[in-house]
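Peer 1: If you read the sequences in order, they're chains A and B. Each residue of the first sequence is one higher than the last, beginning at 1 in our numbering. Each residue of the second sequence is one higher than the last, beginning at 1001 in our numbering.
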Amino acid sequence: MAGLTLSNVTVRYGGVRSLDDVSMAFERGVCGLIGPNGAGKTTTFNVLSGFTVAATGSAELDGMDLLRVAPHRRARLGLRRSFQQEQVIRALSAYDNVRLVAEHTRSALTSVGRALDYVGLARAERLGSELTLLERRLVEIARCIVGQPRLVLLDEPAAGLDPTESERLLKLITGIPDEVGALVLLVDHDMDLVRAACGTVAVLDFGKLIAFGSTHEVLASAQVRRAYLGVEDDEESAC
Amino acid sequence: MSPQSVASNRTRGLITGVALAVLAVVLVPSLPGIGAGLGLRTLTVAVIYSLAAASAGVLYGRLGLVSIMQVGLVAVGGWTTLRLHYATGLPFEVVLLLAALVTAVVGTVVSLPALRLSGLSLAITTLMIAGALEVIVRYTGFPNGGPGFVGRDATGSGSTMPRPSLGQDDQTYFRYVAVVVIVVLVLLWWLLASRPGRAWAAIRQGDAGAMASGINTTAYRVLALAVTSAVTGVAGALLAANSGVLDPVSFKAQQSVLLFATVLIAGAFSLAGAVIGGLFFYWVPQLLNTWGVDGNLVFVILGLGTVQAITTAPHGIAGQLENLSSALRSRTGRRVEES
Ligand SMILES: Nc1ncnc2c1ncn2[C@@H]1O[C@H](COP(=O)(O)OP(=O)(O)O)[C@@H](O)[C@H]1O
Ligand SMILES: [Mg+2]
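1) Secondary structure at residue 1018/B, three-state DSSP: helix, strand or coil?
2) List the whole-angstrom C-beta distance separating residue 182/A from residue 176/A, where the pair is believed to meet the contact cut-off of C-beta under 8 Å.
3) With the cut-off set at 8 Å, would you say residue 1054/B and residue 1188/B are in Cβ contact?
4) What residues from the stretch 68–79 of chain A come within 7 Å of chain B, judged by C-beta to C-beta, listed N to C?
5) Can a CB atom of chain A be found closer than 8 Å to the CB of residue 1217/B?
6) How about residue 1206/B: is its C-beta nearer than 8 Å to some C-beta of chain D?
7) So, does the CB of residue 148/A fall closer than 8 Å to a CB anywhere in chain B?
8) Any C-beta of chain B sitting closer than 8 Å to the C-beta of residue 136/A?
9) Could you tell me if the beta carbon of residue 43/A falls within a distance shorter than 7 Å of some heavy atom in ligand 1?
10) Going by the C-beta, is residue 188/A closer than 7 Å to any heavy atom of ligand 2?
11) With residue 1160/B and residue 1244/B assumed to form a contact (beta carbons below 8 Å), what rounded beta-carbon distance in angstroms separates them?
12) Is the number of C-beta pairs between the stretch 116–135 of chain A and the stretch 54–62 of chain A that are closer than 8 Å three or more?
13) Could you tell me the boundaries of the beta strand (DSSP E) in which residue 203/A lies?
14) For residue 1244/B, which of helix, strand or coil comes out of DSSP?
15) Measuring alpha carbon to alpha carbon, tell me which residue in 1110/B, 1145/B, 1135/B is nearest residue 1162/B.
16) With H, G and I counted as helix, E and B as strand and the rest as coil, what does DSSP make of residue 1116/B?
17) Would you kindly check if the distance between the Cβ of residue 123/A and the Cβ of residue 161/A is under 8 Å?
18) Classify residue 23/A: buried if its beta carbon has 16 or more other beta carbons within 10 angstroms, exposed otherwise.
19) Given residue 1070/B, which residues of its chain have a CB within under 6 Å of its CB, disregarding the five upstream and five downstream residues?
20) Scan the stretch 193–221 of chain A for residues whose Cβ lies nearer than 7 Å to a Cβ of chain B and list them as they occur along the chain.
21) When we look at the beta-carbon of residue 1294/B and count the other beta-carbons within 10 Å, is it buried (16 or more) or exposed?
22) Since I believe residue 1081/B is in contact with residue 1236/B (beta carbons under 8 Å), could you give me their beta-carbon distance rounded to a whole number of angstroms?
23) How should residue 1020/B be labelled, buried or exposed, when 16 other C-beta atoms within 10 angstroms of its C-beta is the threshold for buried?
24) Checking 8 Å against the spacing of the C-beta atoms, do residue 1347/B and residue 1030/B come in under that value?
25) Starting from residue 1293/B and walking both ways along the beta strand (DSSP E), at which residues does that stretch end?
26) For the stretch 1136–1152 of chain B against the stretch 1194–1211 of chain B, are there 3 or more C-beta pairs whose distance is under 8 Å?
27) How long is the line joining the alpha carbons of residue 1129/B and residue 1066/B, rounded to whole angstroms?
28) Using a beta-carbon distance below 8 Å, is residue 1202/B in contact with chain A?
29) When the Cβ atoms of the stretch 1191–1201 of chain B are set against those of the stretch 68–79 of chain A, are three or more pairs found closer than 8 Å?
30) What's the gap between the Cα of residue 1105/B and the Cα of residue 1298/B?
31) Counting only beta-carbon atoms, is residue 103/A nearer than 8 Å to chain B?
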């Protein structure tokens, strides 16, 4: 099956279940993964990247069993991700930051220029240490789309940016599926951004999947509003 | 976008460095005072040690790995060189390459267990290995043509290894050493500017980011250890050929600590820092001695220098020189534009 499928994934840190029997499937486009702090969003990404080992469960990407693959090999299978704390390499130029990913995923170097053009980063010969936060966020997007990505995981890609900058990033993110044909999974706290970017959204709370479906419906549901937005709905209190 | 301009900037740095080095190779042996005798022999050893400094510098500056056993690995390279010379009688250049290979294996294998743990554990492990190597060479001594595996004739009737045919006297051996050192540093430079160098920079930034980029972090760490150990092994070979015999006294663990401190001060982020480091490590103390100043003063200088380096100048002396030169360049550049 095309897309990403998580089946009964559980992650335990000591006694805490950061993910508790989570099953969800994303097919195409830009999909949202939301939930309050500590809900398990980054943990989900870490399981998919191989930085955290799931106690149980499996994940399939375009029919491939992802969790059995060594972490660094997943990039070659088409997995890309950005980090909540951006990881642009300070000692390398913006160009080399992107080239690095192409090099280790057996991708053509021509895709490096294309990725940098897509995000619109000028003077890519500048070092990572010389870039502004926005430019570093752009480099991260470029690193995520270089080569032939199948799944792009973006962990709060707009953190720390002002509204105009977020707007620009939003446009880039929503264009990724058309540009490179990858499925995008977006974690973000900005509900306007999620609403604008994602057709489908999954909501985690304390490691449990509490809602899944079209963004419009999910964000309107009372349970989600209570858990995530902290809004009390009296008529739904029995739920 | 022009990634080429970064490359050309880097290449310009390399060309400047090599040009300066070649100039030094040509001029130094004809300088009064240090161009001959003890002065030149001291400088030769200092230039050799710049390879060990470069190894520690690459590991620390490019990967964030603290390896405190470089002088111990120089001993491994030197021991292997002498042993192979007496066992095979092969030309020095071949023995040098084999010694580099053996040192690469030894340096990598002993560091491997610590590699999966934290950076501090590698520092402690390598320091202990430096201590162990100190004890081992004190016990076995260095080969001097004697019998058995250790190849040591303890009666004092041992022989010395001859210098390579291309570098018989002090002047030509200095130039021989300088050429080998330049070649090795250029190879290191090339490695740092290509795929492995980029992967190492990613690892230094963070394992998670590196792995997400598809980098096999373990493999690239092992590669770094192998390469830097090989480079240190070359230093051992050159040192063995310099005097034909080696003395265990030169390979105490504290020397490895001293070398690491020197690298911190001189600059771990550039290969120029390595050359400065080698000079600091071996030449300056000897210079102080000949001036009648206690050579141990260097410990005080290094101590203060390390504190200064860590607190105010993480890129070391080389970094400060670089800042100075780019400041001068931008100033002259502005003047040209103004006129
Ligand atoms: N390495 C870890 N060790 C222990 N607990 C962790 C670790 N990583 C995450 N957790 C816990 O797992 C839960 C989910 O965290 P996380 O996935 O980072 O949440 P978020 O949804 O904010 O990204 C939190 O309770 C967090 O404290
Ligand atoms: Mg998070």
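In this text, a Cβ means the ideal position worked out from N, Cα and C, and glycines have one as well. Remember, predicted model here, so these are calculated numbers, not experimental data.
Peer 2: In brief:
1) helix
2) 6 Å
3) yes
4) 71, 72, 75, 76
5) yes
6) The structure shown contains no chain D; the protein chains it does contain are A and B.
7) no
8) no
9) yes
10) no
11) 3 Å
12) no
13) 200–205
14) coil
15) 1145/B
16) coil
17) no
18) exposed
19) 1052, 1055, 1056, 1232, 1256, 1259
20) none
21) exposed
22) 6 Å
23) exposed
24) Limits of chain B in this structure are 1001 at one end and 1339 at the other, which puts residue 1347/B out of reach.
25) Premise fails: residue 1293/B is in no beta strand (DSSP E) and is neither H nor E.
26) no
27) 13 Å
28) yes
29) no
30) 33 Å
31) yes
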